[in-house]
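Participant:
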Amino acid sequence: MIGKAQLASTKKGAFVVNTARGGIVDELALHEALVSGHLGGAGLDVCVQEPMPTDHPLLALPNVVVAPHVAGCTLQGMDRLSCATIANILSVFDGAPILENVINKEVLR
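In this text, residue positions in the sequence shown follow my numbering: the first is 50, and each later residue adds one.
(1) Should V113 be labelled buried (16 or more other beta-carbon atoms within 10 Å of its own) or exposed?
(2) Let me check one thing: in DSSP terms, what residues is G71 bridge-paired to?
(3) What does the alpha-carbon distance come out to for the pair G90 and S131?
(4) Measure the beta-carbon distance from A54 to H87 and round it to whole angstroms, keeping in mind my assumption that it falls under 8 Å.
(5) Hey, is the stretch 97-110 in contact with the stretch 134-153, meaning 3+ C-beta pairs nearer than 8 Å?
(6) Compute the Euclidean distance between the alpha carbons of L77 and I51, then round it to the nearest angstrom.
(7) Which two residues bound the contiguous alpha helix (DSSP H) that contains A116?
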């Protein structure tokens, strides 16, 4: 989806962030755009091959940050997620679902 042409059309100095899926951004084209100076940097928590090989050329660049796709799974985050999940389940059993957490509210009518 994001290859050489798309990267070339970005504003000089732009940053690319991919937290969606590996392969959406052509890693070779991204490397070329970063080395050429067209892009200012990149942040990735997904890549084509996971884990990213330690000799991957993107890892050698100082303007690239790579994190595991579970970077948001802190202990505090997991605690909050667990509490919210329990509250949502109990609210349904109580017959009073938490409306702001319901995506398809039309099913409640």
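Every residue, glycine too, gets a C-beta built ideally from N, C-alpha and C.
Facilitator: Taking the structure as given:
(1) buried
(2) Its beta-bridge partners do not exist; DSSP assigns none.
(3) 35 Å
(4) About 12 Å separates the two Cβ atoms, so there is no contact after all.
(5) no
(6) 11 Å
(7) Careful: A116 lies outside any alpha helix (DSSP H) and carries neither H nor E.
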